[in-house]
Amino acid sequence: MNIFSILQFLSLVILAYFFIISIFYFFTFLLSFKGLITHKIRSNFSTPREILNAKITPPISVLAPAYNEEKSIVTSVNSLLNLEYGQYEVIVINDGSRDNTLEVLIKEFDLAKTSRNTNPQIPTKKISDIYKSRKYDNLVVVDKENGGKADSLNAGINVSMYPLFCCIDADSILEKTSLLKIVHPFMEAYTSVVATGGIVRVANGCIYQNRPYPLVRTSDKLLVNIQVVEYFRAFLSGRMALTMMDCNMIISGAFGLFKKQPVIDIGGYKEGVVGEDMELVVRLHHEMRKKKQPCGIYFIPDTVCWTEVPESLKILSRQRNRWHRGLAESLTMHIGILMNPKYGTVGLIGMPYFFFVEFMSPIVELAGYIIFVTSFYLKAIDILTFSAFFILAVAFGLVHSLLALLMEEVTYHRYPKIKDLLKLMASAVVEHFGYRQYMAIVRAKGIFDWLIGNKSWGLMERIGIK
Numbered sequence: 066m067n068i069f070s071i072l073q074f075l076s077l078v079i080l081a082y083f084f085i086i087s088i089f090y091f092f093t094f095l096l097s098f099k100g101l102i103t104h105k106i107r108s109n110f111s112t113p114r115e116i117l118n119a120k121i122t123p124p125i126s127v128l129a130p131a132y133n134e135e136k137s138i139v140t141s142v143n144s145l146l147n148l149e150y151g152q153y154e155v156i157v158i159n160d161g162s163r164d165n166t167l168e169v170l171i172k173e174f175d176l177a178k179t180s181r182n183t184n185p186q187i188p189t190k191k192i193s194d195i196y197k198s199r200k201y202d203n204l205v206v207v208d209k210e211n212g213g214k215a216d217s218l219n220a221g222i223n224v225s226m227y228p229l230f231c232c233i234d235a236d237s238i239l240e241k242t243s244l245l246k247i248v249h250p251f252m253e254a255y256t257s258v259v260a261t262g263g264i265v266r267v268a269n270g271c272i273y274q275n276r277p278y279p280l281v282r283t284s285d286k287l288l289v290n291i292q293v294v295e296y297f298r299a300f301l302s303g304r305m306a307l308t309m310m311d312c313n314m315i316i317s318g319a320f321g322l323f324k325k326q327p328v329i330d331i332g333g334y335k336e337g338v339v340g341e342d343m344e345l346v347v348r349l350h351h352e353m354r355k356k357k358q359p360c361g362i363y364f365i366p367d368t369v370c371w372t373e374v375p376e377s378l379k380i381l382s383r384q385r386n387r388w389h390r391g392l393a394e395s396l397t398m399h400i401g402i403l404m405n406p407k408y409g410t411v412g413l414i415g416m417p418y419f420f421f422v423e424f425m426s427p428i429v430e431l432a433g434y435i436i437f438v439t440s441f442y443l444k445a446i447d448i449l450t451f452s453a454f455f456i457l458a459v460a461f462g463l464v465h466s467l468l469a470l471l472m473e474e475v476t477y478h479r480y481p482k483i484k485d486l487l488k489l490m491a492s493a494v495v496e497h498f499g500y501r502q503y504m505a506i507v508r509a510k511g512i513f514d515w516l517i518g519n520k521s522w523g524l525m526e527r528i529g530i531k
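First residue of the sequence shown? That's 66 in my numbering, and the numbers climb one at a time after it.
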């Protein structure tokens, strides 16, 4: 077999890869759209106010790890203290911040040291002090040695009082009814539900101060608006479809609700990994399904958490590199699930999707560009095949993005201004000409960094939510 035959064969393989992915994405769109419409109709029969008035909501411990969050911590904690819910506590875990995060909390919320009992079922770094607010009975602040996000969440679990815990990033803001919506599956089927997650939306450009709900606007920065479209694809299309197929393998670290005892039973969040949120969910599937225990993990599309996203390409690249390293860790740590029918749709659909599509796609895409350009230069393929690759590569991503925007508009319509919708549509187009290719390089580098054992988190600079 000569070089021309090899290049032609590889070209066909890559074309087939993109074609199969396109078919899969179209299928997930149909499934997600059905799921969103069904959820929206069902939610009309059980509003958050009715759930609150029923007074049967299980108590929740809200855990907010914080590291160098002095710019946004007050806004975030205030939003948590003003949630519409029955019985809940807010536990902020200061993970040895080097800035004035603790001092800001002490001053703003009138904190005093307390001798609150802890239940150290999960080993963690040393807790220095526990504070309780004099202004808010349900606010607790834990000050501990730096150990990373996983260690902070484990410390919060040990300190928490209630059977459910909600993890949220300290730079994120929940809408007032978010807890009422995210807890609903637990109220319907407590024994079978292990975790639920909400949608994470982009706060940059929105105005939140002194409002029960944000004034939703797009940003003036193209990079931010591209991320809005990415989040729509990931949540409204991806996680909704995976939930419909009973193989959701991610609960975002920015916002998720968990039953506490199963998490304790498997040892809590795993330290030393950069994707502790996905790894925990995959491990729950792995351990509980192995024991034939129910492991319902669901995405709730109208449960909203607003988060600040990077506004510079440098910071965004660090974030996406870390996300891909975390994905690689989670998949390889639990590779025994892959194509294993004992794990149901998690083994036969969820794991293959994350491995062959999410994990492998940057390598295949970059290889495709190299192979097709080389093949065309050497005249191993004709202009028709060459054009087909680039059209297919761009078209399947573009259509996926526009369909995700369509789902958002038809269901939740959080961007009411035509100007904002047009900006998002333009961003959905522009991202496929330069941005997407650059992110493929960033994610491919994430695979390389994972292979050489890079565990760094990377500096995430914050501007603060307005």
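Each residue gets a CB set at the ideal place from its N, CA and C atoms; glycine is no exception. Predicted model, so just to flag it, every value in this text is computed and none were measured.
Take the Cβ of residue i as the centre, count every other Cβ of all protein chains shown within 10 Å, and call the residue buried at 16 or more, exposed below.
i	result
ASP164	exposed
SER521	exposed
VAL338	buried
ARG181	exposed
PRO279	buried
GLN292	buried
ASP194	exposed
ASN133	buried
ASP236	buried
SER257	exposed
SER141	buried
ALA306	buried
HIS478	exposed
LYS99	exposed
ALA445	buried
ILE400	exposed
PHE92	exposed
ALA129	buried
ASP234	buried
PHE174	buried
LYS42	Residue coverage of the chain in this structure runs from 66 to 531, which leaves residue 42 outside it and unanswerable.
Distance, Cα to Cα, residue i vs residue j?
i	j	result
GLY213	VAL369	25 Å
LYS171	GLU344	Here residue 171 turns out to be Ile, not Lys, going by the sequence shown. For ILE171 and GLU344, the distance between alpha carbons rounds to 33 Å.
VAL205	TYR227	13 Å
HIS497	LEU378	16 Å
LEU75	TYR434	11 Å
GLN326	THR122	18 Å
ILE331	CYS232	17 Å
ILE156	ASP485	36 Å
PHE364	MET314	10 Å
VAL429	SER111	45 Å
GLN358	ALA254	14 Å
SER144	VAL78	50 Å
ILE362	THR261	6 Å
SER126	LEU489	36 Å
GLN19	THR103	In the structure displayed, the chain extends from 66 to 531; residue 19 sits before or after that span and is not available.
TRP371	VAL267	6 Å
PHE230	LEU322	6 Å
ARG390	ILE448	37 Å
PRO427	ALA509	6 Å
LEU471	ALA493	12 Å
LYS286	PRO481	19 Å
Per DSSP, which residues does residue i bridge with? Please list them.
i	result
SER217	Its beta-bridge partners do not exist; DSSP assigns none.
TRP371	ILE238 and ARG266
LEU280	ILE272
GLU341	BP columns for GLU341 are empty, so no partner.
ILE192	LYS209
LYS197	ALA177 and VAL205
TYR363	THR261
LEU322	CYS231 and THR261
What is the residue span of the beta strand (DSSP E) that residue i lies within?
i	result
ASN290	Premise fails: ASN290 lies in the alpha helix (DSSP H), 287 to 297, not in any beta strand (DSSP E).
GLU154	153 to 160
ILE233	229 to 233
Which residue marks the beginning of the alpha helix (DSSP H) containing residue i, and which one marks its end?
i	result
ASN519	Segment: none, ASN519 is in no alpha helix (DSSP H) and carries neither H nor E.
ASP330	325 to 330
PRO250	249 to 253
PHE451	448 to 476
THR308	305 to 309
ILE483	483 to 495
Below 7 Å, is the gap between the Cβ of residue i and the nearest heavy atom of the ligand HEM?
i	result
VAL142	Ligands are entirely absent from the displayed structure, and the ligand HEM is therefore not among its contents.
| message | Quick check for students: name the residue ranges of the alpha helix (DSSP H) that lie wholly in the segment 92 to 142, counting only runs of 4 or more. | response | 113 to 119
Mind listing, in chain order, the continuous beta strand (DSSP E) runs of no fewer than 3 residues lying wholly within the segment 386 to 441? none
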